[in-house]
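**Student:** Position 129 of the sequence shown, counting from 1, maps to 129 under the numbering used here, and the rest follow consecutively.
Would you mind keeping the following structure in view while I ask a few things?
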Amino acid sequence: MTLQQLEKRFTPEFINRFDDIFVFQWLHQEVLGHILDMNIESLNLRIRKYDCQLRLDEAARAFLIKEGLNKRYGARFLKRTIRKYIEVPLAAQISQRLQGEASTLFVAEMQNGKPNLVKVKEQQSRTDEELSFNGKNQSLESQGG
């Protein structure tokens, strides 16, 4: 609805009861691309504590933008699309990892018309036991023992 349509439909007294009236523009695909990037960046910050990282290939990115484009629900629908196709499968894969497993890069690639997470191993991460063990060795060595 535009302001002119509001003025035609409602009385000035009614419209005057509102402090501000905002007219929103429809989201376009390029804007959704930026919103998608921000959501993936936020997701990467959340999964960093599990020593994981997520990347999207271009086909998966285009799929999420196309599926997440809903004029009625705006960016919320994109968030639901990310949750359905990326977050839920990613959570399942992270929960199956062993503690202390190598840091893992997940890449979302298109397979059978949907994004599929492919696990790519990276460098071996150090477990808490290894860190504390190495710290004890260093303190014993520095004490001459």
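Beta carbons: idealized from backbone N, C-alpha and C, even for Gly.
Nothing here was measured: the structure is a model prediction, and the numbers come from that model.
Could you please give me the residues that DSSP links to K195 through a beta bridge?
**Tutor:** The first residue shown for the chain is 1 and the last is 145, placing residue 195 beyond what the model contains.
**Student:** Where does Y85 land, buried or exposed, given buried means 16+ other C-beta within 10 angstroms?
**Tutor:** As a first step, residue 85 is located in the sequence shown; it is residue number 85 there, counting from the start. Y85 should be labelled buried.
**Student:** Comparing C-alpha positions only, which one of L56, R76, L3, N44 sits nearest to D20?
**Tutor:** As a position in the sequence shown, residue 20 is number 20, starting the count at 1. The residue with the shortest Cα to Cα distance from D20 is L3.
**Student:** Restricting to Cα atoms, I'd like to know which of D37, S103, P89, Q96 is closest to G68.
**Tutor:** Here residue 68 corresponds to residue number 68 of the sequence shown, with the count starting at 1. The option with the nearest alpha carbon to G68 is D37.
**Student:** Measuring only the C-alpha atoms, how far is F195 from Q5?
**Tutor:** Residue 195 lies beyond the range of the chain shown here (1 to 145); nothing can be said about it.
**Student:** Compute the distance between the beta-carbons of L54 and L90, then report whether it is under 8 Å.
**Tutor:** What you label residue 54 is simply residue 54 of the sequence shown in a count that begins at 1. What you label residue 90 is simply residue 90 of the sequence shown in a count that begins at 1. Yes, the pair counts as a contact, with Cβ atoms nearer than the cut-off.
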